[in-house]
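So the mapping is simple: our numbering equals the position in the sequence shown, first residue as 1, plus 721. All residues carry an ideal CB built from backbone N, CA and C; glycine is no exception. For clarity, every value in this text was computed on a predicted model and none was experimentally measured. Written below as structure tokens is the structure these notes are about.
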Amino acid sequence: MTAAVLFGAGCFWSIEPAFGALRGVTYVHPGYSGGKTHYPTRQLVHNTNTGHIEVVQVRYDPERISFDTLLEVFFSLHDPTSLNKQGPDEGSQYASAIFYTLPEQLAAAQARIDQLELKLKKPIVTRLIPASVFWPAEPEHLDYYLLNSTQPYSLTVIQPKLREFSKAYKALIKTRND
């Protein structure tokens with residue numbers, strides 16, 4: 722059995738490799754969701770008012786990784802108190818959002834947000850949205866970090882994030898045997 726969720730946490734380039742590294746995650750693909758434009762491209766999403774958010778579609782095996790663990794990772798990969806801005810990336814396409822596919826995902830996400838607001842003493846701006854259409858990103862965005870690890874954005878934004886992720890979630894990262 723697999724389940725799916727869409728996570729928006731800034732640029733999809735920087736969260737795709739983290740989710741893809743987790744044991745129990747069977748599929749990760751960058752794309753767009755939440756907007757009105759059919760067949761969006763990154764250029765359209767960045768330069769027009771499509772309403773789409775950059776997301777990664779995560780498919781996972783709930784018997785191998787819990788949704789709560791995915792939420793923990795999601796909230797660690799970005800600042801959920803920052804409205805439409807993550808690091809150098811700014812705009813509504815970089816909103817913090819969870820597009821849930823199951824009612825229990827909504828309940829778990831809301832509970833996690835409530836806990837974080839108490840802990841951080843700041844409002845969490847993460848939007849909880851029922852998943853609708855997921856539009857896969859263009860092929861050049863798939864595995865962006867893996868294929869472009871020496872590019873400036875990869876070196877200055879993605880790499881430091883992945884370093885922190887790897888330290889914090891070492892026990893959850895896939896090995897050769899997974």
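Open item on the list: Beta-carbon within less than 6 Å of LYS757's beta-carbon, same chain only, minus the 5 sequence neighbours each way: which residues are those?
Closed with: Here residue 757 corresponds to residue number 36 of the sequence shown, with the count starting at 1. Hits under 6 Å: GLY772.
Task: Pairwise C-alpha distance: VAL776 and THR723 - done: Sequence index remark: in the sequence shown, residue 723 carries index 2 (1-based). Sequence index remark: in the sequence shown, residue 776 carries index 55 (1-based). Rounded to whole angstroms, THR723 to VAL776 spans 19 Å at the Cα level.
Open item on the list: Could you check whether the Cβ of GLU885 sits closer than 8 Å to any Cβ belonging to chain B?
Closed with: Reference to chain B is not applicable here, since this structure consists of a single protein chain.
- [ ] For HIS759, count neighbouring C-beta atoms within 10 Å of its own C-beta (all shown protein chains included) and say buried if the count is 16 or more, exposed if not.
- [x] If you number the sequence shown from 1, residue 759 lands on position 38. It counts as exposed.
Task: Nearest neighbour of PHE788, chosen from PHE820, GLU811, SER803 and HIS767 [CA to CA] - done: Position 67 of the sequence shown, counting from 1, holds the residue named residue 788. With distances taken between Cα atoms, PHE788 lies closest to PHE820.
Open item on the list: Need the endpoints of the beta strand (DSSP E) that LEU849 sits in, please.
Closed with: Numbered from 1 along the sequence shown, position 128 holds the residue referred to as residue 849. That run of the beta strand (DSSP E) goes 848-851.
Open item on the list: In the DSSP assignment, the beta strand (DSSP E) including GLY729 goes from what residue to what residue?
Closed with: The residue labelled residue 729 in the question sits at position 8 within the sequence shown. That run of the beta strand (DSSP E) goes 724-730.
TODO: Give the range of the beta strand (DSSP E) segment to which THR747 is assigned.
DONE: In the sequence shown, the residue the question calls residue 747 occupies position 26. First-last of the beta strand (DSSP E) with THR747: 746-754.
TODO: Let me know if VAL854 comes out buried or exposed under the rule of 16 or more other beta-carbons within 10 Å of its beta-carbon.
DONE: Position 133 of the sequence shown, counted from the first residue, corresponds to residue 854. Exposed, because fewer than 16 other Cβ atoms sit within 10 Å of the Cβ of VAL854.
TODO: Could you spell out the range, first to last residue, of the alpha helix (DSSP H) harbouring GLU885?
DONE: By 1-based counting over the sequence shown, the position of residue 885 is 164. Start and end: 880-889.
TODO: Please say whether LEU798 and LYS882 have beta carbons closer to each other than 8 Å?
DONE: As a first step, residue 882 is located in the sequence shown; it is residue number 161 there, counting from the start. As a first step, residue 798 is located in the sequence shown; it is residue number 77 there, counting from the start. Taking 8 Å as the Cβ cut-off, LYS882 and LEU798 qualify as a contacting pair.
Task: C-beta atoms of ALA725 and THR822 nearer than 8 Å - done: Here the question's residue 725 lines up with position 4 in the sequence shown. Here the question's residue 822 lines up with position 101 in the sequence shown. In contact: ALA725 and THR822 (Cβ atoms closer than 8 Å).
- [ ] Rank LEU792, ILE894, ASP810 and ASN805 by C-alpha distance to the C-alpha of GLN836 and give the top, closest one.
- [x] Taking the first residue of the sequence shown as 1, we reach residue 836 at position 115. Checking every option, the nearest Cα to that of GLN836 belongs to LEU792.
Open item on the list: Pairs of beta-carbons, one from the stretch 869-886 and one from the stretch 732-751, closer than 8 Å: are there three or more?
Closed with: yes
- [ ] Write down every uninterrupted run of the beta strand (DSSP E) in the stretch 747-806 whose length is 3 residues or greater and which is fully enclosed by it, in chain order.
- [x] 774-781
TODO: Please determine, among GLY812, SER887, LEU839 and ILE850, the residue with the shortest C-alpha to C-alpha distance to ALA828.
DONE: What you label residue 828 is simply residue 107 of the sequence shown in a count that begins at 1. Minimum Cα distance to ALA828 is reached at ILE850.
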